[in-house]
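Per my numbering, the sequence shown runs over residues 12 to 419.
Even for Gly, the Cβ is constructed at its ideal location relative to N, Cα and C.
I have placed the structure first, in the form of structure tokens, so that the comments after it can refer back to it.
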Amino acid sequence: MHSAVLLIEFGSIILGLGLLGRFAARFRLSPIPLYLLAGLAFGEGGLLPLGASEEFVSIGAEIGVILLLLMLGLEYSAGDLVTNLKAHYPSGLVDGALNALPGAAAALLLGWGPVAAVVLAGVTWISSSGVIAKVLGDLGRVGNRETPVILSVLVLEDLAMAVYLPIVTALVAGAGLLAGSLTLAIALGAAGLVLFVAVRYGRLISRFVSSDDPEKLLLVVLGLTILVAGVAQQLQVSAAVGAFLVGIALSGEVAEGAHTLLSPLRDLFAAVFFVFFGLHTDPASIPPVLLPALALALITAATKIATGYWAARRAGISPKGRWRTGGALVARGEFSIVIAGLAVSAGIEPSLGPLATAYVLILVILGPLTARYTEPLATRLTARRHPPETPGLSSSRVTEATVGRDGG
12 MHSAVLLIEF GSIILGLGLL GRFAARFRLS PIPLYLLAGL AFGEGGLLPL
62 GASEEFVSIG AEIGVILLLL MLGLEYSAGD LVTNLKAHYP SGLVDGALNA
112 LPGAAAALLL GWGPVAAVVL AGVTWISSSG VIAKVLGDLG RVGNRETPVI
162 LSVLVLEDLA MAVYLPIVTA LVAGAGLLAG SLTLAIALGA AGLVLFVAVR
212 YGRLISRFVS SDDPEKLLLV VLGLTILVAG VAQQLQVSAA VGAFLVGIAL
262 SGEVAEGAHT LLSPLRDLFA AVFFVFFGLH TDPASIPPVL LPALALALIT
312 AATKIATGYW AARRAGISPK GRWRTGGALV ARGEFSIVIA GLAVSAGIEP
362 SLGPLATAYV LILVILGPLT ARYTEPLATR LTARRHPPET PGLSSSRVTE
412 ATVGRDGG
């Protein structure tokens, strides 16, 4: 009887996610807010709480995080990462300073303590690679001059995650200074070793994993990733970091083949992850934190736009491209929820989960709008502030002509 209820509940979840995904695709929206809302509807204090399938969904959510980070690693070769780090690290430092500090400050002002401050700093820092990639494709900007700048900022954030996640994992686990330092040293050592091996012996690793049979390639890559993630978690490093390092170690045709095979699985389990996070958030706990979440969203939307503008100016992009870069980086999503999930699982601060949910819901909706309208709005405001001079007119008459033309 229990297994029948489990199948019915889990089947209903998957079917519902599929329908929500189709609805979002029809209106060119990110499905992430819909998945979170679905979790809120069927979780604690929701319309119809689920019971039998919760443990199964929990395991699926863990796999979703692992696959998200694996697919990120597959996007980059070790050489690309090293090149990006050398060329664009100032942009990464500015990104971290402008966007992590507001989150940390908000947690301290709310009286949540230093551990919650480190967690919320990560929530507000990391942009959503998935949402941004989709928005760039929808707007036809993949080939724009500013797109490599956007990608370089995202790559540096992904690299920072390899250092940041072990720190957060150690903090939320309540590890002392010595244990936390040891965990970070292990994580940094593992990341450095993997990068070195990937640069020097990447072809040999890829050849070992490679297979002409898609089934065997899928099983080997997936099995290796989950195994390494489990070992990493046992060492208190973070399963997500282990998966990310596996992705970096694979390159060439193997990485492309694995990416193609694992994309549907990633989408499935990532959707389950968002639902699981929503299941553990009581909808009644969101209204009290809605105002702080909105204020934080507006502040960090502005700081992301400033980050993108600065990074694009440093790369020699035109003013319009600078505004497009900033607007594209605003969306937060999957990794903000991953980071908040670590704190929620450890019971760090009851209000952190609801605030992170509201924050992501706001910015995952606002992000595509800022990507589309930041540049034309900034251009219009700049033109009004600095109208072009008309030959033969004094400055006062230029102002009068402009006002008359605008209907003022």
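Margin query: For Gly319, which residues in the same chain have their Cβ closer than 6 Å to its Cβ, ignoring the five residues on either side in sequence?
Written below: Answer for Gly319: Thr336, Gly337, Leu340, listed in chain order.
Next item on the list: Please report how far the alpha carbon of Leu30 lies from the alpha carbon of Gly332, in whole angstroms.
Entry: Cα to Cα, the separation comes out at about 36 Å.
Next item on the list: Look at the alpha carbon of Gly234 and the alpha carbon of Leu121, and state the distance between them as a whole number of angstroms.
Entry: Spanning the two alpha carbons is a distance of roughly 42 Å.
Notebook entry, point to check: Apart from the five residues just before and just after Tyr420, which ones in its own chain have a Cβ nearer than 8 Å to its Cβ?
Noted result: This structure cannot settle anything about residue 420, because the visible part of the chain is limited to 12 through 419.
Note to self: Here's the rule I'm using: 16 or more other beta-carbon atoms within 10 Å means buried, otherwise exposed. How should Ile165 be labelled?
What the structure shows: Note that residue 165 is Leu in the sequence shown here, rather than Ile. Flag for Leu165 reads buried.
Item checked: Alpha-carbon to alpha-carbon, Val179 and Leu353 -> Take the alpha-carbon of Leu353 and the one of Val179: they are about 8 Å apart.
Notebook entry, point to check: Can you list, in chain order, the residues of its chain whose CB lies under 6 Å from that of Leu140, leaving out five sequence neighbours each side?
Noted result: Reading off the sequence shown, one finds Ser at residue 140, where the question assumed Leu. Around Ser140: Leu165.
Check: Taking DSSP as the reference, what is the three-state secondary structure of Asp293?
Finding: In the structure shown, Asp293 falls within a coil segment according to DSSP collapsed to helix, strand and coil.
Checklist line | Inter-residue Cα distance where the pair is Val409 and Pro330 | finding: Summary for Val409: the model assigns pLDDT 36, below 50, so the residue's position carries little reliability; its value from the coordinates is reported in the next sentence. Rounded to the nearest angstrom, the gap between the Cα atoms of Val409 and Pro330 is 24 Å.
Notebook entry, point to check: Whole-angstrom Cβ separation of Val283 and Val129, contact assumed at under 8 Å?
Noted result: Wrong, their Cβ atoms sit about 27 Å apart, outside the cutoff.
Note to self: For a test of the three-state rule: what should DSSP assign to Phe38, helix, strand or coil?
What the structure shows: In the structure shown, Phe38 sits in coil (DSSP, three-state: anything other than H, G, I, E or B).
Next item on the list: Check the C-beta distance from Trp334 over to Ala394 and give it rounded, since I have them as a contact under 8 Å.
Entry: Not a contact, Cβ separation roughly 13 Å.
Margin query: Measuring only the C-alpha atoms, how far is Ser102 from Leu162?
Written below: Their Cα atoms are separated by approximately 11 Å.
Note to self: If contacts are defined as beta-carbon pairs under 8 Å, then Val208 and Val220 qualify, I think. What distance do you get, rounded to the angstrom?
What the structure shows: Incorrect: roughly 13 Å between the Cβ atoms, too far for contact.
Next item on the list: Could you have a look at Glu168 and say whether DSSP puts it in helix, strand or coil?
Entry: Residue state, collapsed to three classes: helix.
Note to self: Going by DSSP in three states, Asp278 sits in which element: helix, strand or coil?
What the structure shows: In this structure, Asp278 counts as helix in the three-state DSSP scheme.
Check: In three-state DSSP terms, what is Leu203?
Finding: Leu is not the amino acid found at residue 203; the sequence shown has Gly there. Residue state, collapsed to three classes: helix.
Notebook entry, point to check: On the three-state DSSP scale, how would you describe Leu28?
Noted result: It is helical.
Notebook entry, point to check: Sorted by chain position, which residues of the same chain lie with C-beta nearer than 6 Å to Met430's C-beta, five sequence neighbours on each side aside?
Noted result: One cannot answer for residue 430 here, as it falls past the ends of the chain, which runs 12 to 419.
Notebook entry, point to check: Closest by CA to Val371, which one among Glu66, Leu119, Thr311, Pro387?
Noted result: Checking every option, the nearest Cα to that of Val371 belongs to Thr311.
Note to self: Please return the same chain residues whose Cβ sits closer than 6 Å to the Cβ of Leu147, not counting the five positions on each side in sequence.
What the structure shows: Contacts found: Val153.
Notebook entry, point to check: Are Ser347 and Ala317 close, meaning C-beta to C-beta below 9 Å?
Noted result: Contact: no.
Note to self: Rounded to the nearest angstrom, what separates Ile74 and Leu80 at their Cα positions?
What the structure shows: A direct Cα-to-Cα measurement between Ile74 and Leu80 gives close to 10 Å.
Next item on the list: Report the option in Asp106, Thr94, Leu309, Leu272 whose CA atom is closest to the CA atom of Ala322.
Entry: The closest CA to that of Ala322, considering only Asp106, Thr94, Leu309, Leu272, is found on Asp106.
Notebook entry, point to check: If you compare alpha carbons, which of Pro299, Pro361, Leu380, Arg343 is closest to Glu135?
Noted result: Checking the displayed sequence, the identity of residue 135 turns out to be Thr instead of Glu. The residue with the shortest Cα to Cα distance from Thr135 is Arg343.
Next item on the list: Just tell me which of Ala117, Leu279, Ser14 has its CA closest to the CA of Ala306.
Entry: Closest option to Ala306, Cα to Cα, is Ala117.
Next item on the list: Assign Leu8 to buried or exposed, taking buried as 16 or more other Cβ atoms, counted over all protein chains shown, within 10 Å of its Cβ.
Entry: There is simply no residue 8 to check, as the chain begins at 12 and stops at 419 in what is shown.
Margin query: Which runs of the beta strand (DSSP E) at least 3 residues long sit entirely within the segment 84 to 140? Give them in chain order.
Written below: Qualifying beta strand (DSSP E) stretches: none in this window.
Check: Thinking C-alpha only, which one of Ala250, Ala171, Ala326, Leu377 is nearest Leu78?
Finding: Considering only alpha carbons, the answer is Ala250.
Margin query: Checking 9 Å against the spacing of the C-beta atoms, do Thr236 and Gly200 come in under that value?
Written below: Contact flag unset, no.
Check: Taking C-alpha atoms, which residue in Phe285, Pro387, Thr158 lies nearest to Ala72?
Finding: If we check each option's Cα against that of Ala72, Phe285 comes out closest.
Margin query: Using 8 Å for Cβ pairs, my map puts Gly378 next to Gly50. What's the rounded Cβ distance?
Written below: About 20 Å separates the two Cβ atoms, so there is no contact after all.
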